Structures are given as C-alpha cells and as structure tokens.
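For the sequence shown, the numbering used here assigns the number 16 to the initial residue and increments by one for each residue that follows.
Everything on this sheet refers to the single structure shown next.
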Amino acid sequence: MSIQQYTLSDFKKLKKAGEITAKTLDFLEDKIKPGITTDYIDKITTKFLHTHNATSAPLFYKGFPKSICTSVNHVVCHGIPSEKILNDGDIVNIDITSYVDGFHGDASRMYSVGTPSVKANKLIEVTRESLAKAIKILKPGIALGDIGHEIQSFVEKEGFSVVKDFCGHGIGRLFHEEPSILHYGKKDQGIKIKEGMVFTIEPMINAGKFETKVLNDGWTAVTKDKSLSAQFEHTVGITSNGCEIFTLSNKYDTNLH
Ligand code: MF3
Ligand code: CO
Ligand code: CO
C-alpha cells in the first residue's frame, strides 16, 4: 500500500473520529487520581467511547488485550491496563484510538497522579512542546526529516533523549498506514509531505538514555535504564497551507491554537 491522500469529505470524518478521541482524553482529566487502577481507566474509557458511538481500535489489534494503552513512569508506550494501582507522583500516558464511521482518530497525553517531581513535570512539558513545535512547521513541501529534526534538536537541547524504536504513522481508514514518522532526523531528509496526507506525530521522550526494551508480555515497552518516559500524540491532516489537527481539544490544547 502506498501513502494515501485523503479528500475533503474524508477530512470531515477524520475530524469526527479525532473529536471523539479528544473528548475522551478530556473526560479523563479529573479521573486520574492516586488509588485507581489502570484497568479502571480502561473500563470507563471503553464505556465513554461506546456512549459516543465509537469503538476502540487497539482492542484485539494484533492481539492487544485492552481498549487503551496506559504507560506509567518508565513505560515508553503500549502499557497494558491491569490491576496496577496508580500512586501519588506517578506520570501516565493514556493513548486512545477511536474508530468512527470508517476512520481513526489517534491521540495521547500525559496525566499527573497527585504531585510528580519537578523533573517529571519538566519532561512532560518538553515532550508536549516538542509535539507543538513539530505541528507548527507542517505544510506541503516540507520533508519528513524536518519533523524529526524539529523534535530532536529541541528535546536534546533540553537534556532529554528521543526514542528511536517507535514512531508515528500514516492513519485514516487503517489504524497504521504508510509513512513512518520518525521523531529524530535531519532537515530535508526523506519524502516531502503533500496535501491530503494524514498521519500521527507521537514523540516518546526519555529523561535518561533513548534505548528501550519490550517486556515478556510482548507489548510493554520500557526504558532500558528505567528512566522516566513521556509521550504526546495528535492525528493531523495536511491542508493546502498547513495542517488540521483532528484530535485537537479546545480545552486542553491551548498551546496549539
Ligand atoms: N495508539 C498506538 C499508536 O499511537 C498504538 C497502540 S497499538 C496497541 O500507534 F495495539 F498497542 F494498542
Ligand atoms: Co499512533
Ligand atoms: Co496512539
């Protein structure tokens, strides 16, 4: 399969899916507290999606057992919701992909459990800002490498590292399409982006070294050095002069308006 270029009517449906994903992430904002389990988050999220006539794309995707990914502290991505209890000071990424009317909306953000450390807060802010910076340069004609360069140069200047083992992806009718969106790279490298392309940007940033490993469950990716990791994700569509952020939250994404 080659890289899809979606039409204006596809963009409307992508916006609908993206909006539901953003609403779901907003719904969770005041629910993440010390003492709850990640399974509880999975449960209330699944219910919320169904109430909004959406289903969850991750459920049973390549055998993934739950509706969402919950990645706590040194978990980089693909954490499986479980009986694990969240404690004061934890940081957790919640990654939601809704499927609505034939299209996907994929986004994630970080949630603080109680009061995380100063270092954890800085990691979260730098990761969030790296995604915002990448989104702001999007328009037809830039190279995929420009996206990676924007993220990597900022993150490394702040003293953190960019995960290389996982990347963003084309998305639309399928959950994961071409191309891969690397969060590191060099200016002008790779293919040029075109109007109608739809993809995610989802930088995973580590407080320590960039290396990761996958646990025996076949999913949970963690930092090799056990350092904290943060991630933010949006689904975007390239327009004639910039991009539309399908998963934008008017409440939360005040840095992207
Ligand atoms: N939502 C994740 C992404 O950003 C993918 C999760 S796949 C799963 O691409 F199977 F782990 F759910
Ligand atoms: Co994604
Ligand atoms: Co995702």
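Glycine included, C-beta positions come from ideal geometry on N, C-alpha and C.
Treat the numbers as computed from the prediction; the structure is a model and nothing was measured.
Is the separation between the beta-carbon of residue i and that of residue j shorter than 8 Å?
i, j, result
"Val107", "Ile51", "no"
"Gly156", "Lys207", "yes"
"Val213", "Gly160", "no"
"Ile196", "Ile216", "yes"
"Val141", "Val170", "yes"
"Ser113", "Ile35", "yes"
Using only the heavy atoms of ligand 2, determine whether one of them is closer than 7 Å to the beta carbon of residue i.
i, result
"His184", "yes"
"Glu192", "no"
Going by DSSP in three states, residue i sits in which element: helix, strand or coil?
i, result
"Arg143", "helix"
"Asp110", "strand"
"Lys228", "strand"
"Tyr126", "strand"
"Phe214", "strand"
"His67", "coil"
"Asn136", "helix"
"Leu184", "According to the sequence as given, residue 184 is His; it is not Leu. Strand at His184."
"Val177", "strand"
Could you tell me whether any non-hydrogen atom of ligand 1 is closer than 7 Å to the CB of residue i?
i, result
"Pro96", "no"
"Pro73", "yes"
"Tyr114", "no"
Pop quiz: residue i and residue j are said to be a contact at Cβ under 8 Å. What is the actual Cβ separation, rounded to whole angstroms?
i, j, result
"Thr262", "Thr250", "5 Å"
"Thr227", "Val91", "5 Å"
"Ala135", "Leu243", "6 Å"
"Ile109", "Thr130", "Not confirmed; about 19 Å, so no contact."
"Phe247", "Arg143", "5 Å"
Is there at least one non-hydrogen atom of ligand 4 closer than 7 Å to the beta-carbon of residue i?
i, result
"His93", "Of the ligands one can find in the structure shown, namely ligand 1, ligand 2 and ligand 3, none is ligand 4."
Flag residue i as yes when its Cβ comes closer than 7 Å to any non-hydrogen atom of ligand 3, and as no otherwise.
i, result
"Ser86", "no"
"Asp121", "yes"
Mark residue i as exposed unless 16 or more other C-beta atoms lie within 10 angstroms of its C-beta, in which case mark it buried.
i, result
"Leu146", "buried"
"Lys151", "exposed"
"Pro49", "exposed"
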